[in-house]
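Trainee: Each residue of the sequence shown is one higher than the one before, starting from 108 at the first, in this note's numbering. Virtual Cβ for every residue (Gly too), placed ideally from N, Cα, C.
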Amino acid sequence: MPIDPADRQGPLNDLRVLEMGQLIAGPFCGQLLADFGAEVIKLEQPGKGDPMREWGAEKPHGKKLWFPVLARNKKSVTVNAREPEGQAIVRRLAEQSDIVVENFRPGTMERWNLGYDRLAEVNPGIVMVRVSGYGQTGPYAQRAGYGAIGEAMGGLRYVVGDPATPPSRTGISIGDTLAATFAALGAVMAIHNRRRTGRGQVVDSAIYEAVLAVMECLVTEYDVGGYVRERTGSILPMIAPSNVYPTKDGKMVLIGANQDSVFARLAEAMEEPGLAADERYATHIARGNNQAELDARIAAWTATLEAPALIERLNAHGIPNGDIYRAPEMLADAHFRAREAIVRIADPVLGPMRMQNVAPRLSDTPGAVLRTGPALGEHNAEILGGLLGIDEAERTRLAEAGVV
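(1) Tell me, which residues are paired with N428 by DSSP?
(2) By a C-beta neighbour count over all protein chains shown, 10 Å radius and 16 as the cutoff for buried, is E436 buried or exposed?
(3) Are the CB atoms of P274 and G484 within a distance shorter than 9 angstroms?
(4) Going straight from the alpha carbon of T330 to that of G363, what length do you get?
(5) For the segment 280-359, which segments carrying the alpha helix (DSSP H) assignment without a break, of at least 4 residues, lie completely within its bounds, in sequence order?
(6) Any idea if A407 is buried or exposed, counting beta-carbon neighbours within 10 angstroms, 16 or more meaning buried?
(7) CA-CA distance, K51 and C136?
(8) Relative to the C-alpha of I148, which residue among L200, R160, A195 is closest?
(9) Would you report the Cα separation of G492 and D471, rounded to the nearest angstrom?
(10) For L382, I'd like the list of residues in its chain whose CB is within less than 7 angstroms of its CB, leaving aside the five on either flank, ordered along the chain.
(11) Nearest to R478 by CA position, among R301, P459, R237, is which residue?
(12) Can you give me the C-alpha to C-alpha distance between P191 and R179, rounded to a whole angstrom?
(13) May I ask you to report which of helix, strand or coil DSSP gives M377?
(14) Here's a check: name, in chain order, each residue in its chain whose Cβ is nearer than 7 angstroms to the Cβ of A248, leaving out the five neighbours to either side.
(15) What does a CB cutoff of less than 7 angstroms around A227 pick up in its chain, not counting 5 residues either side in sequence?
(16) Compare the beta carbon distance of G282 and G245 with 9 angstroms and say whether it is the shorter of the two.
(17) Where in the segment 160-193 do unbroken runs of the alpha helix (DSSP H), each at least 4 residues long, occur, reported from the N-terminal end onward?
(18) Could you say which of E258, M216, M235, R502 lies nearest to A297 if we only look at CA atoms?
(19) Which one or two residues does DSSP pair with L125 in a beta bridge?
(20) Would you identify the three-state DSSP class for R461, choosing helix, strand or coil?
(21) Using a Cβ-Cβ cut-off of 6 angstroms (strictly less than) and excluding sequence neighbours within five positions of R115, which residues of its own chain qualify?
(22) Compare the C-alpha of Q398 against each of N350, A482, E217 and name the closest.
(23) Let me check one thing: in DSSP terms, what residues is V234 bridge-paired to?
(24) Is R404 helix, strand or coil when you go by DSSP?
(25) Please identify the residue among I342, C324, S341 whose C-alpha is closest to the C-alpha of Y334.
(26) Looking at the secondary structure, which residues open and close the beta strand (DSSP E) in which I449 lies?
(27) Rounded C-beta distance between I131 and T284? I'm assuming under 8 angstroms.
(28) Tell me where the alpha helix (DSSP H) around A132 begins and ends.
(29) Please classify P109 as buried or exposed, where buried requires at least 16 neighbouring CB atoms within 10 angstroms.
(30) For S275, name the three-state secondary structure that DSSP assigns.
(31) How long is the line joining the alpha carbons of T503 and G509, rounded to whole angstroms?
(32) How far does the alpha helix (DSSP H) with G242 in it reach, from first residue to last?
(33) Sorted by chain position, which residues of the same chain lie with C-beta nearer than 7 angstroms to S183's C-beta, five sequence neighbours on each side aside?
(34) Closest by CA to D157, which one among D224, I346, V186?
(35) Taking the CB atoms as reference points, tell me whether T277 and E258 lie closer together than 9 angstroms.
(36) When you compare the CB positions of N220 and G128, do they come within less than 9 angstroms of one another, or not?
If you want it as structure tokens, here you go:
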């Protein structure tokens, strides 16, 4: 059955994706692809579903709130890939798909007779996206790997937090989502290559390598200069001023004025224009060498102003600054509203809910959030019956046998 893209928006609305992952790393890749129009068929264990259905804060009646976001725009089909009949169904779906996403421990798909070689037999153009803690090869490949472990191995955990405390987490599952983002990028690159060659390939996205990829020059600093980055709290060493500063009304405002010209404007805003020529602060290096002293001086000034007045003055002088937002501030912010950075979507159980919109923005073929995460097996009839042609009697038999 050909894909009907009528209800999907975005540049990927001619692609069909099988999402076999669970938790975050695989499903966030699927979310990104679905956001831009791909038909994402999420395969879940019958009767159980993705554990993410039980994660996150909940409404008063007990419905969890993470899955409606992570599984938005997707279709749910229940298939037991541990059973031979279920594996046969997955291969039939892969034959009519473009991308398979999975984030099981390496070797799992092969044990289920669903490795890349088997899927490529039925569909040479299939792109198999594999997200795991350590990658598909190497001495650690078979280890269990969660996002937090990849964040530690990739170097992020060590540099996050205050130097007086043990390494901190970022507050979100950044290792998983980074690996998923690189996986989605790899998927569309592999599809682009397929248009030239006609063949698919494997996209191997390791969590620790995705974290490592965003660690700037951390490795090179040590390799060339013997410098090991340490935790520095709210600052970057030698980058000044760039910090969080207190206000008269008990709030905190971020100010980034480490470039020479911007610092000169900050000095004007502080009504101390001579600071820009002071040998202690006149250059990037000088400000870095006197970072603590400069931060204390700026903090003494910001503490004399309430946050709105401070922000207004900083904006008038063209100085990068901002509040530290939580969800309430996001929902109240005029810029968020003007750009529709947060959208309201109706959930059939939870009712209207708001969540982040699609990013990045494409001018001609933007994606869209069309629906929240589906009920378990909601699309069995559509996909198993409509796409694969399995009649209702056979679907009933398979359900009774625990296959779907």
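Mentor: Inspection of the coordinates gives the following:
(1) As a first step, residue 428 must be located in the sequence shown, where it is residue number 321. I362.
(2) By 1-based counting over the sequence shown, the position of residue 436 is 329. Around the Cβ of E436, a 10 Å sphere holds fewer than 16 other Cβ atoms; the residue is exposed.
(3) In the sequence shown, residue 484 corresponds to position 377, counting from 1. In the sequence shown, residue 274 corresponds to position 167, counting from 1. Not closer than 9 angstroms, so no.
(4) Locating residue 330 in the sequence shown gives position 223, where the first residue counts as 1. Locating residue 363 in the sequence shown gives position 256, where the first residue counts as 1. It should be pointed out that residue 330 corresponds to Asp in this sequence rather than to Thr. Each residue's alpha carbon lies about 29 angstroms from the other.
(5) 281-304, 314-320, 325-332
(6) Position 300 of the sequence shown, counted from the first residue, corresponds to residue 407. Exposed, because fewer than 16 other Cβ atoms sit within 10 Å of the Cβ of A407.
(7) Lying outside 108 to 511, the shown extent of the chain, residue 51 is not represented and no answer is given.
(8) Taking the sequence shown and counting its residues from 1, the one referred to as residue 148 is at position 41. With distances taken between Cα atoms, I148 lies closest to L200.
(9) Mapped onto the sequence shown, residue 492 falls at position 385. Mapped onto the sequence shown, residue 471 falls at position 364. Roughly 34 angstroms separates the two Cα atoms.
(10) As a position in the sequence shown, residue 382 is number 275, starting the count at 1. Here the set comprises A374, Y388.
(11) Start at 1 with the first residue of the sequence shown, and residue 478 comes out as number 371. If we check each option's Cα against that of R478, P459 comes out closest.
(12) To locate residue 191, count along the sequence shown from 1; it is residue 84. To locate residue 179, count along the sequence shown from 1; it is residue 72. Each residue's Cα considered, the two are about 29 angstroms apart.
(13) In the sequence shown, counting from the first residue as 1, residue 377 sits at position 270. M377: coil per DSSP, three-state reduction.
(14) As a first step, residue 248 is located in the sequence shown; it is residue number 141 there, counting from the start. The beta carbon of A248 sits closer than 7 angstroms to those of P213, Y241, G242, all from its chain and outside the five residues before and after it, given in chain order.
(15) Residue numbering aside, residue 227 sits at position 120 when the sequence shown is read from its first letter. Closer than 7 angstroms at Cβ, skipping near neighbours: I233, G307.
(16) Residue numbering aside, residue 282 sits at position 175 when the sequence shown is read from its first letter. Residue numbering aside, residue 245 sits at position 138 when the sequence shown is read from its first letter. Contact flag unset, no.
(17) 174-177
(18) Position 190 of the sequence shown holds residue 297. Measuring from the Cα of A297, the nearest candidate turns out to be M235.
(19) Within the sequence shown, numbered from 1, the residue matching residue 125 stands at position 18. Paired residues: I148, V207.
(20) On the sequence shown, position 354 is the one that residue 461 refers to. Reduced to three states, the DSSP call for R461 is strand.
(21) On the sequence shown, residue 115 is found 8 positions in, with the first residue counted as 1. If we look at R115 and ignore the five residues flanking it on each side, its Cβ neighbours are G144.
(22) For the purposes of this step, residue 398 is identified with residue 291 of the sequence shown, where counting begins at 1. Per the Cα distances, N350.
(23) Residue mapping note: residue 234 aligns to position 127 of the sequence shown, counting from 1. V234 pairs with I206.
(24) Taking the first residue of the sequence shown as position 1, residue 404 is located at position 297. Correct three-state label for R404: helix.
(25) Residue mapping note: residue 334 aligns to position 227 of the sequence shown, counting from 1. Ranked by how close their Cα comes to the Cα of Y334, the residues I342, C324, S341 have C324 in first place.
(26) To locate residue 449, count along the sequence shown from 1; it is residue 342. From DSSP, the beta strand (DSSP E) with I449 extends over 449-454.
(27) By 1-based counting over the sequence shown, the position of residue 131 is 24. By 1-based counting over the sequence shown, the position of residue 284 is 177. Indeed, because the Cβ distance is near 7 angstroms, the residues count as touching under 8 angstroms.
(28) Here residue 132 refers to the residue found at position 25 when the sequence shown is read from its first residue. First-last of the alpha helix (DSSP H) with A132: 132-142.
(29) Locating residue 109 in the sequence shown gives position 2, counting from the first residue. Residue confidence for P109 is low, a pLDDT of 40 falling below 50, so the modelled location carries little weight and cannot support an answer.
(30) The residue labelled residue 275 in the question sits at position 168 within the sequence shown. Here S275 sits in coil by DSSP.
(31) Looking up residue 503 in the sequence shown gives position 396. Looking up residue 509 in the sequence shown gives position 402. Between T503 and G509, the C-alpha separation is close to 10 angstroms.
(32) Here residue 242 corresponds to residue number 135 of the sequence shown, with the count starting at 1. Segment: none, G242 is in no alpha helix (DSSP H) and carries neither H nor E.
(33) Locating residue 183 in the sequence shown gives position 76, counting from the first residue. So the list reads K149, E151, P481, A482, L483, G484, E485, H486, once near-sequence residues are dropped.
(34) Within the sequence shown, residue 157 is the residue found at index 50, counting from 1. Cα-wise, what sits closest to D157 is V186.
(35) Position 170 of the sequence shown, counted from the first residue, corresponds to residue 277. Position 151 of the sequence shown, counted from the first residue, corresponds to residue 258. A contact, by the Cβ cut-off of 9 angstroms.
(36) As a working note, residue 220 is residue 113 in the sequence shown. As a working note, residue 128 is residue 21 in the sequence shown. Not a contact, by the Cβ cut-off of 9 angstroms.
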